[in-house]
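See structure below.
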Amino acid sequence: MGLRSFIHSMTAPRTRGEAPEDEVKMVFVVNHGLKMGKGKIAAQVGHGAVIATMKAGKERPGHLESWLSSGQKKICVKGNDAEHLERLEQEAKQLNILTARVHDAGHTQIPSGSFTILALGPAEEAKLEPVTGALKLL
Amino acid sequence: MASTLDEPTMALIVRHDLNLSTGKVAVQCAHAAVTCTLNAKKTNGRLVERWRQSGARKICLKVEDLADLQRLAGQAQSAGIVSYLVKDAGHTEVEPGTITVLGLGPGPRRAIDALVGELKPY
Numbered sequence: 036m037g038l039r040s041f042i043h044s045m046t047a048p049r050t051r052g053e054a055p056e057d058e059v060k061m062v063f064v065v066n067h068g069l070k071m072g073k074g075k076i077a078a079q080v081g082h083g084a085v086i087a088t089m090k091a092g093k094e095r096p097g098h099l100e101s102w103l104s105s106g107q108k109k110i111c112v113k114g115n116d117a118e119h120l121e122r123l124e125q126e127a128k129q130l131n132i133l134t135a136r137v138h139d140a141g142h143t144q145i146p147s148g149s150f151t152i153l154a155l156g157p158a159e160e161a162k163l164e165p166v167t168g169a170l171k172l173l
Numbered sequence: 011m012a013s014t015l016d017e018p019t020m021a022l023i024v025r026h027d028l029n030l031s032t033g034k035v036a037v038q039c040a041h042a043a044v045t046c047t048l049n050a051k052k053t054n055g056r057l058v059e060r061w062r063q064s065g066a067r068k069i070c071l072k073v074e075d076l077a078d079l080q081r082l083a084g085q086a087q088s089a090g091i092v093s094y095l096v097k098d099a100g101h102t103e104v105e106p107g108t109i110t111v112l113g114l115g116p117g118p119r120r121a122i123d124a125l126v127g128e129l130k131p132y
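Protein sequences, first through last, are from chains A and B. Numbering-wise, the first sequence is residues 36 to 173 according to this note's numbering. Numbering-wise, the second sequence is residues 11 to 132 according to this note's numbering.
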């Protein structure tokens, strides 16, 4: 983003967007096959949350607004491997749920470019349920 | 080209004495990361943009207890670094209102390293 458009994005009045009907949350699916350490997971989920937040600010401001004002509800679940995360990403997209990927820069622990986290939402809980409801909590 | 030491960074500092689960820590760190990013955007949008462009560097560190966390938060405030203490809603694992994680930055790496350079990775 250029400086001017960035300044515009900071100063322009907020677009309202459609308000969600239900409680919204964010779900992070961690690629459990990578055997990342817990600090690594925390930092990667942090990445996912920031990316998803910025994306929602542009594409779903109504959802972002209600997610932020209702306490930023989020959960962390386990995915088996990169293929599993990709499959969940496709399912989420079909349901019009906002998705964001985290690929690791690979400075530590795992190969560069690994698909570490799939972030879903902010989206209505009922909408997320069929995609991530069966996954185990991390 | 700026050296990596000039690139902005973020530090997420976890209280070790609470023995939180991995998922819980991840979620609390995410909370800190989002809130710090949004707060920093209000005061220093260019720095946030530079941080994101350079890969949004984040590190996850630990301290022993609440006193350590609060001391760091105070030091960050005096140094003019964006900081945010995450209070857990307490639905699971800990009492409502428990302070779990401190987020610092995004801010100049030198200034943040000066505060957290001694801490161990989580």
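Even glycine gets a Cβ: it sits at the ideal position worked out from N, Cα and C. Because the structure is a prediction, the values reported are computed rather than measured.
8 Å contact criterion, which residue i and residue j should meet: CB distance rounded
i                      : j                      : result
residue 163 of chain A : residue 132 of chain A : 7 Å
residue 112 of chain B : residue 125 of chain B : 10 Å between Cβ atoms; not a contact.
residue 181 of chain A : residue 114 of chain A : Because chain A in this structure spans residues 36 to 173, residue 181 of chain A falls outside the shown range and cannot be described.
residue 47 of chain B  : residue 37 of chain B  : Going by Cβ atoms, the distance from residue 47 of chain B to residue 37 of chain B rounds to 16 Å, so no, they are not a contact pair.
residue 91 of chain A  : residue 157 of chain A : 6 Å
residue 100 of chain B : residue 173 of chain A : That pair is no contact at about 19 Å.
residue 87 of chain A  : residue 135 of chain A : 4 Å
residue 64 of chain A  : residue 112 of chain A : 6 Å
residue 67 of chain B  : residue 128 of chain B : At roughly 19 Å, the Cβ-Cβ gap does not stay under 8 Å, so residue 67 of chain B and residue 128 of chain B are not in contact.
residue 132 of chain B : residue 93 of chain A  : About 31 Å; that fails the 8 Å criterion.
residue 89 of chain A  : residue 144 of chain A : Not a contact, Cβ separation roughly 25 Å.
residue 139 of chain B : residue 103 of chain B : Residue 139 of chain B lies beyond the stretch modelled for chain B, which goes from 11 to 132, so this question has no answer here.
Spatially closest choice to residue i from the options, by CA coordinates
i                      : options                       : result
residue 108 of chain B : B:29, B:51, B:70 and B:20     : B:29
residue 77 of chain A  : B:101, B:59, B:51 and B:72    : B:72
residue 117 of chain A : A:59, A:66 and A:61           : A:66
residue 22 of chain B  : B:97, B:56 and B:43           : B:43
residue 106 of chain A : B:95, B:41 and B:76           : B:41
residue 75 of chain A  : B:110, B:35, B:56 and B:50    : B:35
residue 144 of chain B : B:123, B:24 and B:51          : Because chain B spans 11 through 132 in this model, residue 144 of chain B falls outside it and cannot be assessed.
residue 120 of chain A : A:42, A:144, A:159 and A:166  : A:166
residue 17 of chain A  : A:95, A:60, A:42 and A:72     : Given that chain A is displayed from residue 36 to residue 173, the structure contains no residue 17 of chain A and the question cannot be resolved.
residue 130 of chain B : B:50, B:18, B:78 and B:16     : B:78
residue 98 of chain B  : A:124, A:123 and A:108        : A:108
residue 62 of chain A  : A:72, A:123, A:144 and A:138  : A:123
residue 140 of chain A : B:69, B:128, B:16 and B:56    : B:69
residue 20 of chain B  : B:119, B:127, B:128 and B:31  : B:119
residue 39 of chain A  : B:50, B:55 and B:27           : B:55
residue 50 of chain B  : B:116, B:122 and B:121        : B:116
residue 125 of chain A : A:137, A:138, A:147 and A:155 : A:155
residue 26 of chain B  : B:45, B:52 and B:76           : B:76
residue 137 of chain A : A:159, A:110 and A:82         : A:82
residue 159 of chain A : A:42, A:37 and A:130          : A:130
residue 42 of chain A  : B:39, B:52 and B:95           : B:52
Legend entry - Ranges of the beta strand (DSSP E) found wholly within the region 101-164 of chain A, counting only runs of at least 3: 109-114, 134-138 and 150-159
Inset, instruction - State whether the region 52-64 of chain A contacts the region 90-104 of chain A, with contact taken as three or more CB pairs (one from each stretch) at a distance under 8 Å. - result: yes
Inset, instruction - Evaluate contact between the region 76-86 of chain B and the region 139-151 of chain A, counting only Cβ atoms and requiring at least three cross-stretch pairs below 8 Å. - result: no
Legend entry - Stretch-stretch touch, CB-based, cutoff 8 Å, three pairs: the region 88-105 of chain B with the region 59-68 of chain B: no
Legend entry - Within the region 50-107 of chain A, ranges of the beta strand (DSSP E) (whole runs, at least 3 residues): 59-66
Inset, instruction - Determine which residues of the region 72-91 of chain A have a Cβ less than 9 Å from any Cβ of chain B, and write them out in chain order. - result: Cβ contacts with chain B come from 72, 73, 74, 75, 76, 77, 78, 79, 80, 81, 82, 83, 84, 85, 86, 87, 88 and 89.
Legend entry - Residues of the region 97-118 of chain A with Cβ closer than 7 Å to any Cβ of chain B, in chain order: Of all residues in the region 97-118 of chain A, 106, 107, 109, 110 and 111 have a Cβ within less than 7 Å of some Cβ in chain B.
Inset, instruction - Give, in chain order, every residue of the region 54-74 of chain B whose Cβ lies closer than 7 Å to some Cβ of chain A. - result: 55, 59, 65, 66, 68, 69 and 70
Inset, instruction - Below 7 Å between beta carbons is the criterion; list the residues of the region 147-162 of chain A that meet it against any residue of chain B, in chain order. - result: From the region 147-162 of chain A, no residue has a Cβ closer than 7 Å to chain B.
Inset, instruction - Residues of the region 33-49 of chain B with a CB closer than 7 Å to any CB of chain A: list them in chain order, please. - result: 33, 35, 36, 37, 39, 40, 41, 43, 44 and 47
Legend entry - Contact residues within the region 74-108 of chain B, judged by C-beta distance below 8 Å to chain A: Against chain A - using a Cβ distance shorter than 8 Å - the residues of the region 74-108 of chain B are 99.
Inset, instruction - Using a Cβ-Cβ cut-off of less than 9 Å, give me the residues of the region 120-131 of chain B that come near chain A, in sequence order. - result: 131
Legend entry - Complete beta strand (DSSP E) runs within the region 18-55 of chain B (minimum length 3 residues, chain order): Taken in chain order, the complete beta strand (DSSP E) segments of 3 residues or longer contained in the region 18-55 of chain B are 18-25.
Inset, instruction - Mind checking the region 130-144 of chain A against chain B and listing, in chain order, the residues whose C-beta falls within less than 7 Å of any C-beta there? - result: 140
Legend entry - Whole alpha helix (DSSP H) elements within the region 62-125 of chain B, 4-residue minimum: Entirely contained in the region 62-125 of chain B, the alpha helix (DSSP H) runs reaching 4 residues are, in chain order, 76-88.
Inset, instruction - Taking a Cβ distance cut-off of 9 Å, strictly less, list which residues of the region 15-34 of chain B are near chain A, in chain order. - result: Residues passing the 9 Å Cβ filter: 20, 22, 24, 31, 32, 33 and 34.
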